[in-house]
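Residues in the sequence shown are numbered from 757 upward in steps of one, following this note's numbering.
Glycine included, C-beta positions come from ideal geometry on N, C-alpha and C.
For clarity, every value in this text was computed on a predicted model and none was experimentally measured.
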Amino acid sequence: MNRFTKRVVLLLMAAAILLTGMSLAVDGTVNASALIVRSETSTESERLGKVYNGETIDVTGKVGEWYIINYNGETAYVFSEYVDMGDVQVQASMGTITGSTVRVRSAPGTDSEIVGRLIDGTMVNILSIEDGWYQIKFVDLVGYVHPDYLSVDGLVFTYLETKEDGSTTVSYTTEEVTQVAPTTIGGQIIEYAYQFLGTPYVYGGETPEEGFDCSGFVQYVYGQFGYDLNRTSEDQYDNGTFVPYDELQVGDLVFFSRSGKAIGHVGIYVGDGYFIHATSPGDVVRVTALSTDYYTARYVGARRIA
């Protein structure tokens, strides 16, 4: 194959391959006098050794600004700025959440604060690996997920080809990398709704730009999927069909009494006993447990729209 022929290499690697160091690789060349090899994607992580200027290393992927390499048969990390990949582009890793509702934490470890939750099938960017946990990003949510609940998707190495006229083009892949999406309409609705976490509560608000009240949030999210819901929480209880508490599914609407009204609040069930909602004045769109005393005492019922 001559240098003007379009080429591409697609390397599909599972999470187990990524973590054990058993991987396919593309050659990279060290361009620093001495490049530190680390156990994780952090300058504070353990030093495993050094590689030197001109030395060829096996690059198996990329996480954030770090290349994943095969170092003495083990998975290790070097800062990508100091590795020359020639005409190869290494795209950063993506992952898929695997669990009905997975907790995203502020730091590695189960004792750290929960900053969000993601549902099964959600695609995330992998930013780093720290203390055995993945740092991920989904829309504006950044935090840490335990590797048991994240499947690392295909890593793509793309060769850039120089044509005879000197121009450079990116070759097409020989296969498609399929991103796993939530399999139900309810899951798709929740994945969409999660991008509005942190949006301010505004009474009468119906859009992300102006903010949301509880029913405005529900109406807006469902409207993006072609559902025309009533405007107030009380009237939305007339939409869809009744669902018993023990049969709740992702995407169902959950209703509560508030301020002397039989129905005065609504949210969307995200699974595992939690719901997403525009809370109250001075607060934001957030995920809350149905089991909290406040909402347990005020729970009215649920309706299935999708």
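1. Confirm, please, whether the CB-CB distance from Arg1059 to Val999 is below 8 Å.
2. Expressed to the nearest angstrom, what Euclidean distance is found between the alpha-carbon atoms of Thr991 and Ile875?
3. With the cut-off set at 8 Å, would you say Val839 and Val786 are in Cβ contact?
4. Using alpha carbons as the reference points, say which of Thr816, Gly829, Cys970, Ile1061 lies closest to Tyr983.
5. Secondary structure at Pro903, three-state DSSP: helix, strand or coil?
6. List in chain order: all unbroken alpha helix (DSSP H) runs of 4+ residues lying wholly within the segment 982-1043.
7. What are the start and end residues of the alpha helix (DSSP H) that includes Ala1053?
8. Given Ser971, which residues of its chain have a CB within under 7 Å of its CB, disregarding the five upstream and five downstream residues?
9. When DSSP labels each residue in this structure, what does Ala788 get in the three-state scheme?
10. Let me know the secondary structure DSSP gives Gly967 once reduced to three states.
11. For Thr854, which residues in the same chain have their Cβ closer than 7 Å to its Cβ, ignoring the five residues on either side in sequence?
12. Does DSSP classify Gln944 as helix, strand or coil?
13. Identify every residue that forms a DSSP beta bridge with Pro956.
14. Please return the same chain residues whose Cβ sits closer than 8 Å to the Cβ of Glu837, not counting the five positions on each side in sequence.
15. Would the segment 1042-1061 count as touching the segment 1008-1025 if we require 3 or more Cβ pairs under 8 Å?
16. Classify Gln975 as buried or exposed, calling it buried when 16 or more other Cβ atoms lie within 10 Å of its own Cβ.
Let's see:
1. yes
2. Going by the sequence as given, residue 991 is Asp instead of Thr. The straight-line gap from Cα to Cα measures roughly 28 Å.
3. yes
4. Ile1061
5. helix
6. 989-992
7. Taken as a continuous stretch (DSSP letters only), the alpha helix (DSSP H) holding Ala1053 covers 1049-1054.
8. Arg987, Thr988, Ser989, Gln992, Val1022
9. coil
10. strand
11. Taken in chain order, the residues that qualify are Asp876, Tyr905, Leu906, Ser907.
12. helix
13. Val1040
14. These residues qualify, in order along the chain: Glu821.
15. yes
16. buried
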